[in-house]
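Trainee: Numbering (the working numbering), first residue to last: 5 to 309. This is the structure I want to talk about, given as structure tokens.
As structure tokens, then:
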């Protein structure tokens with residue numbers, strides 16, 4: 005996901021005619037505009053709607069709620085000030101919105117780290133997990149993304165896998181008592197990444213054997229790495245706790261690439277998925293028009309019922 009580069013200004017999505025507030029998870033978001041929410045729970049991120057809502061985080065959240073979105077995703081939450089984390093948490097509660105994933109990032113995600121089995125990387129990972137628990141409490145988060153880093157190509161793959169499993173068990177020990185879940189994300193950004201495929205991630209989750217260690221199935225990355233989306237999702241379904249979105253090629257909103265998101269979303273809904281689908285992609289078009297087009301794209305692919 006190249007999160008260090010990804011968290012930048014992205015666009016918003018569909019015409020303001022599609023604004024919505026609505027009821028979510030036992031709370032009703034009181035917003036100036038009202039229309040039906042989406043069938044599935046899509047989660048935008050900060051910066052996606054800046055052309056309409058400006059830079060302020062609270063204003064951006066209110067705009068998201070006005071459009072019918074019921075959740076937020078914020079990869080960079082851990083790097084935000086405690087004050088901003090508290091503001092986000094308070095506003096989400098007021099709007100009746102859920103918090104999606106943020107990234108457990110102590111600086112080792114994009115280099116050789118957990119695959120080595122070295123104590124320095126394990127210690128940093130565990131420390132970052134503990135910091136993540138405190139951040140999660142401030143925003144009522146339930147899921148946090150974990151990236152095990154790059155291959156250590158001087159070690160056999162089985163040894164690397166064992167090293168990652170042992171490190172993740174340590175992380176699960178931190179998260180599990182708090183009811184939190186670290187979601188492992190196979191990625192496509194570079195072949196140097198250790199975690200790249202859904203079946204590999206499934207096997208690791210089974211080995212960790214904890215409710216605090218599950219799969220983040222990013223449809224964009226899995227289309228690039230393996231395709232066969234619906235069968236592969238089905239095969240891993242009992243370990244999938246979170247889903248992310250992005251069309252391919254381009255990593256923009258649904259409808260801009262080759263993925264048939266109408267059918268994919270229909271299948272996910274039939275599976276009974278009640279979780280969040282993070283909108284981890286950019287906007288195909290700039291400014292307000294691009295943001296309005298993005299929302300319109302989600303309204304279109306959400307019409308599977």
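We put the beta carbon where it would ideally sit given N, CA and C, even for glycine.
Nearest to residue 111 by alpha carbon, out of 123, 87, 83, 76?
Mentor: Position 107 of the chain shown, counting from 1, holds the residue named residue 111. It is 83 whose Cα lies nearest to the Cα of residue 111.
Trainee: Within this structure, are the beta carbons of residue 98 and residue 189 separated by less than 9 Å?
Mentor: Within the chain shown, residue 98 is the residue found at index 94, counting from 1. Within the chain shown, residue 189 is the residue found at index 185, counting from 1. Contact: no.
Trainee: What did DSSP end up calling residue 71 once you bin it into helix, strand or coil?
Mentor: For the purposes of this step, residue 71 is taken as the residue at position 67 of the chain shown. Strand, per DSSP.
Trainee: Between residue 147 and residue 277, how many whole angstroms is the CB-CB distance? I'm expecting something under 8 Å.
Mentor: As a working note, residue 147 is residue 143 in the chain shown. As a working note, residue 277 is residue 273 in the chain shown. Actually they do not touch by this definition, with Cβ atoms about 14 Å apart.
Trainee: Between residue 198 and residue 168, is the Cβ-Cβ spacing less than 9 Å?
Mentor: Counted from its first residue, the chain shown places residue 198 at position 194. Counted from its first residue, the chain shown places residue 168 at position 164. Going by C-beta atoms, residue 198 is nearer than 9 Å to residue 168.
Trainee: Can you tell me which residues form a DSSP beta bridge with residue 45?
Mentor: Position 41 of the chain shown, counting from 1, holds the residue named residue 45. Per DSSP, 280.
Trainee: Which parts of the region 94-168 are runs of the beta strand (DSSP E), unbroken and 3 residues or longer, counting only runs that do not cross its ends?
Mentor: 147-150, all fully within the region 94-168.
Trainee: Starting from residue 245 and walking both ways along the beta strand (DSSP E), at which residues does that stretch end?
Mentor: Your numbering for residue 245 matches position 241 in the chain shown. Unbroken beta strand (DSSP E) run through residue 245: 244-248.
Trainee: Please classify residue 131 as buried or exposed, where buried requires at least 16 other C-beta atoms within 10 Å of its C-beta.
Mentor: As a first step, residue 131 must be located in the chain shown, where it is residue number 127. Per the 10 Å Cβ criterion, exposed.
Trainee: Given residue 304, which residues of its chain have a CB within under 6 Å of its CB, disregarding the five upstream and five downstream residues?
Mentor: By one-based count along the chain shown, residue 304 stands at place 300. Excluding residues within five positions, none has a Cβ falling inside 6 Å.
Trainee: Let's see if you can read the secondary structure: which residues bound the beta strand (DSSP E) around residue 220?
Mentor: Counted from its first residue, the chain shown places residue 220 at position 216. Taken as a continuous stretch (DSSP letters only), the beta strand (DSSP E) holding residue 220 covers 217-222.
Trainee: Going by beta carbon distance, what residues of the same chain come within less than 8 Å of residue 210, once the five residues before and after it are set aside?
Mentor: Numbered from 1 along the chain shown, position 206 holds the residue referred to as residue 210. So the list reads 243, once near-sequence residues are dropped.
Trainee: Kindly identify the DSSP beta-bridge partner or partners of residue 342.
Mentor: The shown model of the chain, from 5 to 309, leaves out residue 342, and the question about it has no answer.
Trainee: Taking the DSSP output, what are the residues bridged to residue 187?
Mentor: Working through the chain shown from its first residue, we reach residue 187 at position 183. Paired residues: 149, 218.
Trainee: Of the choices 133, 49, 55, whose alpha-carbon is the least far from that of residue 92?
Mentor: Taking the first residue of the chain shown as position 1, residue 92 is located at position 88. The shortest Cα separation from residue 92 among 133, 49, 55 belongs to 49.
Trainee: Between the region 99-106 and the region 60-72, do three or more beta carbon pairs fall short of 8 Å?
Mentor: Contact between the region 99-106 and the region 60-72 is present, because at least three Cβ pairs lie under 8 Å.
Trainee: Between which two residues does the alpha helix (DSSP H) harbouring residue 204 extend?
Mentor: As a first step, residue 204 must be located in the chain shown, where it is residue number 200. It spans 202-212 - the alpha helix (DSSP H) in which residue 204 sits, taken as one unbroken run.
Trainee: Quick one: grab the DSSP three-state call for residue 81.
Mentor: By 1-based counting over the chain shown, the position of residue 81 is 77. Correct three-state label for residue 81: helix.
Trainee: Going by alpha carbons, who is nearest to residue 74 out of 129, 40, 288?
Mentor: Position 70 of the chain shown, counted from the start, is the residue given in the question as residue 74. The shortest Cα separation from residue 74 among 129, 40, 288 belongs to 40.
Trainee: Hey, how far is the Cα of residue 293 from the Cα of residue 69?
Mentor: Taking the first residue of the chain shown as 1, we reach residue 293 at position 289. Taking the first residue of the chain shown as 1, we reach residue 69 at position 65. Cα to Cα, the separation comes out at about 19 Å.
Trainee: Which whole-angstrom value describes the C-beta separation of residue 135 and residue 90, a residue pair presumed to lie in contact below a C-beta threshold of 8 Å?
Mentor: Locating residue 135 in the chain shown gives position 131, where the first residue counts as 1. Locating residue 90 in the chain shown gives position 86, where the first residue counts as 1. That pair is no contact at about 15 Å.
Trainee: Residue 213 to residue 54, Cα distance in whole Å?
Mentor: Numbered from 1 along the chain shown, position 209 holds the residue referred to as residue 213. Numbered from 1 along the chain shown, position 50 holds the residue referred to as residue 54. When rounded, the distance between both Cα atoms is 41 Å.
Trainee: Hey, would you say residue 256 sits closer than 9 Å to residue 285, going by beta carbons?
Mentor: For the purposes of this step, residue 256 is taken as residue 252 along the chain shown, with counting starting at 1. For the purposes of this step, residue 285 is taken as residue 281 along the chain shown, with counting starting at 1. It is a contact, given that the beta carbons lie within the stated cut-off.
Trainee: Below 7 Å CB to CB, which residues in the same chain sit around residue 236 once its five sequence neighbours on both sides are set aside?
Mentor: Sequence index remark: in the chain shown, residue 236 carries index 232 (1-based). Counting only Cβ-Cβ distances below 7 Å, and skipping sequence neighbours, we find 202, 226, 230.
Trainee: Going by the CB atoms, is the gap between residue 184 and residue 239 shorter than 9 Å?
Mentor: Sequence index remark: in the chain shown, residue 239 carries index 235 (1-based). Sequence index remark: in the chain shown, residue 184 carries index 180 (1-based). Not closer than 9 Å, so no.
Trainee: In whole angstroms, what separates the C-alpha of residue 271 from that of residue 251?
Mentor: Taking the chain shown and counting its residues from 1, one reaches residue 271 at position 267. Taking the chain shown and counting its residues from 1, one reaches residue 251 at position 247. Roughly 17 Å between the two C-alpha positions.
Trainee: Residue 199 by DSSP, collapsed to three states: which one?
Mentor: In the chain shown, residue 199 corresponds to position 195, counting from 1. Residue state, collapsed to three classes: coil.
Trainee: Would you list the one or two residues that DSSP bridges to residue 233?
Mentor: As a working mapping, residue 233 is identified with position 229 in the chain shown. DSSP, once it has assigned bridges, lists no residue as partnering residue 233.
Trainee: Do you know offhand how far residue 193's Cα is from residue 126's?
Mentor: For this step, residue 193 is matched to residue 189 along the chain shown. For this step, residue 126 is matched to residue 122 along the chain shown. The alpha-carbon atoms of residue 193 and residue 126 are separated by roughly 23 Å.
Trainee: Closest by CA to residue 2, which one among 128, 291, 223?
Mentor: Missing from the structure shown is residue 2; the chain here goes from 5 to 309 and no further.
Trainee: Per DSSP, which one or two residues make a beta bridge with residue 76?
Mentor: Taking the first residue of the chain shown as position 1, residue 76 is located at position 72. Paired residues: 103.
Trainee: Compare the beta carbon distance of residue 137 and residue 282 with 9 Å and say whether it is the shorter of the two.
Mentor: On the chain shown, residue 137 is found 133 positions in, with the first residue counted as 1. On the chain shown, residue 282 is found 278 positions in, with the first residue counted as 1. No; because the gap between Cβ atoms is not below 9 Å, this pair is not in contact.
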